[in-house]
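Enquirer: Mapping of the sequence shown onto the UniProt record's numbering: position 164 corresponds to residue 164, and the numbering continues sequentially without gaps.
Beta carbons are placed, not taken as given, at the ideal position from N, Cα and C, and that holds for glycine.
After the structure tokens below, expect a handful of questions from me.
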Amino acid sequence: MDMQIIGRIGSIVLGYALGNFLTAFLVTRIVAHKSPTEIGSHNPGMANVMAQLGFVPGVAVLAGDLAKTILAVVLANLFFPQIGHFATLYAAVGATLGHNFPLWQHFRGGKGVAVTVVLVILYNPFWGVMALLGALAVLLISQYLSLAGIAILTVYVIISVFVFPLETTIVLALLTLIMLWRFWADILNIVHGTQEKKNIPKKIIQLLTKKKDSAKSAK
1 MDMQIIGRIG SIVLGYALGN FLTAFLVTRI VAHKSPTEIG SHNPGMANVM AQLGFVPGVA
61 VLAGDLAKTI LAVVLANLFF PQIGHFATLY AAVGATLGHN FPLWQHFRGG KGVAVTVVLV
121 ILYNPFWGVM ALLGALAVLL ISQYLSLAGI AILTVYVIIS VFVFPLETTI VLALLTLIML
181 WRFWADILNI VHGTQEKKNI PKKIIQLLTK KKDSAKSAK
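Here is the structure:
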């Protein structure tokens, strides 16, 4: 088999294997002695854990999900250098698929926003930041976390059409369709006006204020 094909398949498989580690399950078991599928929105991701268990557990989930994707990318570049920068792309895509469709959870996982962030940043840092800024603008305007998550890949695909190889654009477009599918229920809720909005600046201010009050009480 052609080494280019082996490299691509190997990177996806490696990424998928590492993506199967859902940090939310570990964190919620330690903090709440429950599965993340038993709390809140039942989604094993950062947003659900943070909303139900607090800031620190949410950040712990985020850190774990980012770390597994970075590790997948590093190992893919180490094991499959013959495919160059595509090792980063396919390893991160594999990690996203593993996170969204973990084998051990009967293919019911998270929505892959955190791992997608790693993908867009590591594949091309400059354009990755541009995509994240675009998603941030969507979040601030719409106040819907789900739309912001979708916007990350959507903006990156638009950029890819003009900047990246055709293969990259096709892979990212397919991943975007998967992201849309994962968020389909949220999209329908937005259309029907039943999706909860998140005023992120207000949430941050409330969180910081609460921390200051707690510090004063401790004194």
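Taking the continuous alpha helix (DSSP H) assigned at K111, which residues delimit it?
Expert: Premise fails: K111 is in no alpha helix (DSSP H) and is neither H nor E.
Enquirer: If we ignore side chains and look at the alpha-carbon of each, how far apart do W104 and T194 end up?
Expert: Cα-Cα distance, rounded: 32 Å.
Enquirer: Determine, using beta-carbon pairs with one atom in the region 182-190 and one in the region 163-174, whether at least three such pairs fall under 8 Å.
Expert: With a cut-off of 8 Å, the region 163-174 and the region 182-190 do not count as touching, because too few Cβ pairs lie within range.
Enquirer: Would you mind stating whether A131 and V120 have Cβ atoms separated by less than 9 Å?
Expert: Yes, these two residues count as a Cβ contact at 9 Å.
Enquirer: Please state the DSSP three-state secondary structure of F101.
Expert: Three-state result, F101: coil.
Enquirer: Determine the contact status of V61 and G45, defining contact as a CB-CB distance below 9 Å.
Expert: In contact: V61 and G45 (Cβ atoms closer than 9 Å).
Enquirer: Would you tell me roughly how many angstroms separate the C-alpha atoms of L180 and P81, rounded to the nearest one?
Expert: Answer to the nearest angstrom: the Cα atoms are 31 Å apart.
Enquirer: Under the three-state reduction of DSSP, which class applies to Y144: helix, strand or coil?
Expert: Looking at Y144 - three-state DSSP - the assignment turns out to be coil, as it is neither helix nor strand.
Enquirer: Can you give me the start and stop residues for the alpha helix (DSSP H) that S192 sits inside?
Expert: Before going on, a small fix: residue 192 reads as His here, not Ser. Element bounds for H192: W184 to H192.
Enquirer: Please name the residue, chosen from P125, V155 and F126, that lies closest to V138 on a Cα-to-Cα basis.
Expert: Here the closest residue by C-alpha is V155.
Enquirer: For the region 20-88, which segments carrying the alpha helix (DSSP H) assignment without a break, of at least 4 residues, lie completely within its bounds, in sequence order?
Expert: List check, alpha helix (DSSP H) in window: 23-32, 46-53 and 55-79.
Enquirer: Any idea what DSSP makes of P125, helix, strand or coil?
Expert: Reduced to three states, the DSSP call for P125 is helix.
Enquirer: Would a C-beta distance cut-off of 9 Å place L22 and G109 closer than the cut-off?
Expert: Against a cut-off of 9 Å, the Cβ pair of G109 and L22 comes out as a contact.
Enquirer: Would you check if the distance between the CB atom of A72 and the CB atom of G19 is smaller than 9 Å?
Expert: Going by C-beta atoms, A72 is nearer than 9 Å to G19.
Enquirer: With 16 other CB atoms within 10 Å as the buried threshold, where does D2 fall?
Expert: D2 comes out exposed.
Enquirer: Rounded C-beta distance between T176 and L153? I'm assuming under 8 Å.
Expert: With a Cβ gap of about 4 Å, T176 and L153 count as contacting.
Enquirer: Taking 7 Å as the limit between beta carbons, can you name the residues of its chain near G97, skipping five residues before and five after?
Expert: One detail in the question is off: residue 97 reads as Leu in this sequence, not Gly. If we look at L97 and ignore the five residues flanking it on each side, its Cβ neighbours are Y16 and G19.
Enquirer: Should V157 be labelled buried (16 or more other beta-carbon atoms within 10 Å of its own) or exposed?
Expert: Looking at its Cβ environment, which holds 16 or more other Cβ atoms inside 10 Å, V157 is buried.
Enquirer: Tell me whether Q195 sits in a helix, a strand or coil according to DSSP, three-state version.
Expert: Reduced to three states, the DSSP call for Q195 is coil.
Enquirer: So, using beta-carbon positions, are A114 and A135 closer together than 9 Å?
Expert: Against a cut-off of 9 Å, the Cβ pair of A135 and A114 comes out as no contact.
Enquirer: Leaving aside the five residues before and after A47 along the sequence, list all residues of the same chain whose C-beta is less than 7 Å from its C-beta, in chain order.
Expert: L145.
Enquirer: Taking the Cβ atom as the reference point for each residue, do G64 and V31 lie within a distance shorter than 9 Å?
Expert: No, the Cβ-Cβ distance between G64 and V31 is not below 9 Å.
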